[in-house]
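Undergrad: Handing you this structure, nothing more for now.
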Amino acid sequence: MPRYFFDIDDGVQDLRDNEGVILDDREHARKEAIATLAQLANDKLPDGNNHTFRANVRDETGKRIYEAALTLTSGWVP
24 MPRYFFDIDD
34 GVQDLRDNEG
44 VILDDREHAR
54 KEAIATLAQL
64 ANDKLPDGNN
74 HTFRANVRDE
84 TGKRIYEAAL
94 TLTSGWVP
């Protein structure tokens with residue numbers, strides 16, 4: 024089974040995955056990237072009204088094969 028690497032940008036730091044995860048296929052890697060972004064948003068919601076979390080998935084050759092972004096926009100209603 025192939026290994027996929029998940030590079031994450033949480034808006035504060037850019038984290039490069041050097042270990043990777045073995046998954047069945049690209050579709051599982053896509054789902055893992057999206058789940059990771061949702062978990063990050065839940066765990067690390069910043070102060071302020073706008074924030075974007077990003078994930079890039081690389082294959083075993085280092086080629087970027089998928090990218091996802093989750094943007095939170097919020098504000099008080101007058």
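Residue 24 is where the sequence shown starts when you use my numbering, and the numbers rise one by one after that.
Where is the CB? At the ideal position from N, CA and C, for every residue including glycine.
If aspartate 33 and leucine 63 are in contact, beta carbons under 8 Å, what's the gap, nearest whole angstrom?
TA: 6 Å
Undergrad: Which residue spans inside the segment 37-85 form an unbroken alpha helix (DSSP H) run of at least 4?
TA: 49-66
Undergrad: With a threshold of 6 Å on Cβ separation, who are the neighbours of arginine 53 within its own chain once the five nearest residues in sequence on each side are excluded?
TA: Tyr89
Undergrad: For the beta strand (DSSP E) holding aspartate 30, just list the boundary residues, first then last.
TA: Its beta strand (DSSP E) spans residues 26-32.
Undergrad: Measure the CB-CB distance between leucine 95 and alanine 78 and report whether it falls below 7 Å.
TA: no
Undergrad: Among residues of its own chain, excluding the 5 on either side of aspartate 30, which ones have a beta-carbon nearer than 6 Å to its beta-carbon?
TA: Arg39, Asp40, Asn79
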